[in-house]
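Protein sequence lines correspond, in order, to chains A and B.
Going letter by letter, the first sequence gives residues 122 to 233 in our numbering.
Going letter by letter, the second sequence gives residues 549 to 666 in our numbering.
Every residue, glycine too, gets a C-beta built ideally from N, C-alpha and C.
Treat the numbers as computed from the prediction; the structure is a model and nothing was measured.
Scroll down for the structure; my scribbles are underneath it.
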Amino acid sequence: DQQVKQNSPSLSVQEGRISILNCDYTNSMFDYFLWYKKYPAEGPTFLISISSIKDKNEDGRFTVFLNKSAKHLSLHIVPSQPGDSAVYFCAASPDSNYQLIWGAGTKLIIKP
Amino acid sequence: DTGVSQDPRHKITKRGQNVTFRCDPISEHNRLYWYRQTLGQGPEFLTYFQNEAQLEKSRLLSDRFSAERPKGSFSTLEIQRTEQGDSAMYLCASSLALSKGLTKNIQYFGAGTRLSVL
């Protein structure tokens, strides 16, 4: 039973345009959500997070939106840059539990 | 401090052999996590420590797996009698838990140890 789903294995976006990565979850007890970015041969790197009491969090070019009723979150990157090409993972933390549950990742390719 | 470091980066072993991996977390972090990642999947939680105490273990952690963090600093993950299904990337992460309600659970990862069981 996959509690965190990233349904797009890959996404290709033109440099300078907006990249939108999506994530759905099934467990209503999740109260904290994170996005990580991973380059080949490296571990995941923390990007941005959001708690369930908010619906938006912004950090520079990265914005995460949370729709609790739809159990959906998205990561917007604008403008997209070549260095953004990586695999992006969505992760969620269950209430009063510190284990992270991860999606399978979306490979983002930024075309020049 | 350069972050979380893992050793070795790659390990090739024959089925049935024992292997041990080491993780050095960020020095001031009191929590340490082990994950396993296979191709095309996200990391799967294995276990975590707060200081030297192992607080949670996943059902994925069979009795062939054992993890320790003897002094609350570095940790080791040992796999006994390796099987081909153990081939994966083993990731270590650390975080700083301040107190209940203030932990944001931002985990910082090492580059991982890639295990290949032949």
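Alpha carbon of residue i to alpha carbon of residue j, nearest angstrom
{"i": "A/Thr184", "j": "A/Ser214", "result": "19 angstroms"}
{"i": "A/Ile174", "j": "A/Ser195", "result": "16 angstroms"}
{"i": "B/Val552", "j": "A/Pro200", "result": "30 angstroms"}
{"i": "B/Thr550", "j": "B/Ile574", "result": "8 angstroms"}
{"i": "A/Lys189", "j": "A/Leu155", "result": "14 angstroms"}
{"i": "B/Gly643", "j": "A/Asp152", "result": "One detail in the question is off: residue 643 of chain B reads as Ser in this sequence, not Gly. So the two alpha carbons sit approximately 18 angstroms from each other."}
{"i": "A/Cys211", "j": "A/Lys232", "result": "22 angstroms"}
{"i": "B/Tyr656", "j": "B/Phe597", "result": "14 angstroms"}
{"i": "A/Tyr209", "j": "B/Ile627", "result": "29 angstroms"}
{"i": "B/Arg617", "j": "B/Ala641", "result": "13 angstroms"}
{"i": "B/Glu604", "j": "B/Ser623", "result": "15 angstroms"}
{"i": "A/Val134", "j": "B/Gly620", "result": "44 angstroms"}
{"i": "B/Pro556", "j": "B/Arg612", "result": "20 angstroms"}
{"i": "B/Gln589", "j": "A/Val125", "result": "11 angstroms"}
{"i": "B/Ile654", "j": "B/Asp572", "result": "17 angstroms"}
{"i": "A/Ser217", "j": "A/Phe186", "result": "Only weak support is given to the placement of A/Ser217: the predicted model assigns it a pLDDT of 48, under 50, and the value that follows is read from those uncertain coordinates. Rounded to whole angstroms, A/Ser217 to A/Phe186 spans 22 angstroms at the Cα level."}
{"i": "A/Leu132", "j": "A/Ala207", "result": "10 angstroms"}
{"i": "A/Glu136", "j": "A/Gln202", "result": "5 angstroms"}
{"i": "B/Ser635", "j": "A/His193", "result": "32 angstroms"}
{"i": "A/Arg115", "j": "A/Arg138", "result": "Residue 115 of chain A lies beyond the stretch modelled for chain A, which goes from 122 to 233, so this question has no answer here."}
{"i": "A/Phe167", "j": "B/Gly658", "result": "12 angstroms"}
{"i": "B/Glu576", "j": "B/Gln565", "result": "34 angstroms"}
Residue-chain proximity (residue i, chain A), Cβ-Cβ < 9 angstroms
{"i": "B/Pro591", "result": "yes"}
{"i": "B/Ala636", "result": "no"}
{"i": "B/Ile574", "result": "no"}
{"i": "B/Ile654", "result": "yes"}
{"i": "B/Phe657", "result": "yes"}
{"i": "B/Ala615", "result": "no"}
{"i": "B/Gly620", "result": "no"}
{"i": "B/Val552", "result": "yes"}
{"i": "B/Asn599", "result": "no"}
{"i": "B/Leu639", "result": "yes"}
{"i": "B/Ser623", "result": "no"}
{"i": "B/Glu626", "result": "no"}
{"i": "B/Trp631", "result": "First, the residue type needs correcting, since residue 631 of chain B is Glu and not Trp in the sequence shown. Chain A contact via Cβ: absent."}
{"i": "B/Ser606", "result": "yes"}
Own chain, CB closer than 6 angstroms to residue i, minus 5 neighbours either side, in chain order
{"i": "B/Met637", "result": "Gln585, Gly660 and Arg662"}
{"i": "A/Asn142", "result": "The residue you asked about is not Asn; residue 142 of chain A is Leu in the sequence shown. The residues are Leu196, Tyr209 and Thr227."}
{"i": "B/Leu625", "result": "Phe569, Trp582 and Ala615"}
{"i": "B/Pro591", "result": "Tyr583, Gln585 and Leu639"}
{"i": "A/Ser170", "result": "Leu155"}
Below-9 angstroms beta-carbon distance, residue i vs any chain B residue
{"i": "A/Tyr146", "result": "no"}
{"i": "A/Gly204", "result": "no"}
{"i": "A/Leu221", "result": "yes"}
{"i": "A/Ala207", "result": "no"}
{"i": "A/Lys229", "result": "Note that residue 229 of chain A corresponds to Leu in the displayed sequence, not to Lys. Judged by the 9 angstroms Cβ criterion, A/Leu229 is not in contact with chain B."}
{"i": "A/Leu155", "result": "yes"}
Beta-carbon proximity list for residue i, same chain, < 7 angstroms, skipping 5 on both sides
{"i": "A/Glu225", "result": "Going by the sequence as given, residue 225 of chain A is Ala instead of Glu. Excluding positions up to five away in sequence, the list reads Gln127."}
{"i": "A/Leu205", "result": "Leu is not the amino acid found at residue 205 of chain A; the sequence shown has Asp there. If we look at A/Asp205 and ignore the five residues flanking it on each side, its Cβ neighbours are Ser140, Ile198, Leu229 and Ile231."}
{"i": "B/Lys562", "result": "Leu666"}
Cut-off 8 angstroms between Cβ atoms - residues of its own chain near residue i, not counting five sequence neighbours on either side
{"i": "A/Pro165", "result": "Tyr157, Lys158, Lys159 and Phe210"}
Pull out every residue of the stretch 161 to 181 of chain A whose Cβ sits closer than 9 angstroms to any Cβ of chain B, in chain order. Answer set for the stretch 161 to 181 of chain A: Ala162, Glu163, Gly164, Pro165, Thr166, Phe167, Ser170 and Ser172.
My parser needs the beta strand (DSSP E) runs of 3 or more residues fully inside the stretch 609 to 644 of chain B; what are they? Entirely contained in the stretch 609 to 644 of chain B, the beta strand (DSSP E) runs reaching 3 residues are, in chain order, 613 to 616, 623 to 627 and 636 to 643.
What residues in the stretch 126 to 146 of chain A have a beta carbon less than 7 angstroms from any beta carbon of chain B? Residues passing the 7 angstroms Cβ filter: none.
Which residue spans inside the stretch 155 to 204 of chain A form an unbroken beta strand (DSSP E) run of at least 3? The stretch 155 to 204 of chain A contains these whole beta strand (DSSP E) runs: 166 to 172, 177 to 180, 183 to 188 and 193 to 198.
Beta strand (DSSP E) runs wholly inside the stretch 565 to 602 of chain B, at least 3 long, in chain order: Counting only runs of at least 3 residues, the stretch 565 to 602 of chain B fully encloses the following beta strand (DSSP E) elements, listed from N- to C-terminal order: 567 to 572, 579 to 585 and 592 to 598.
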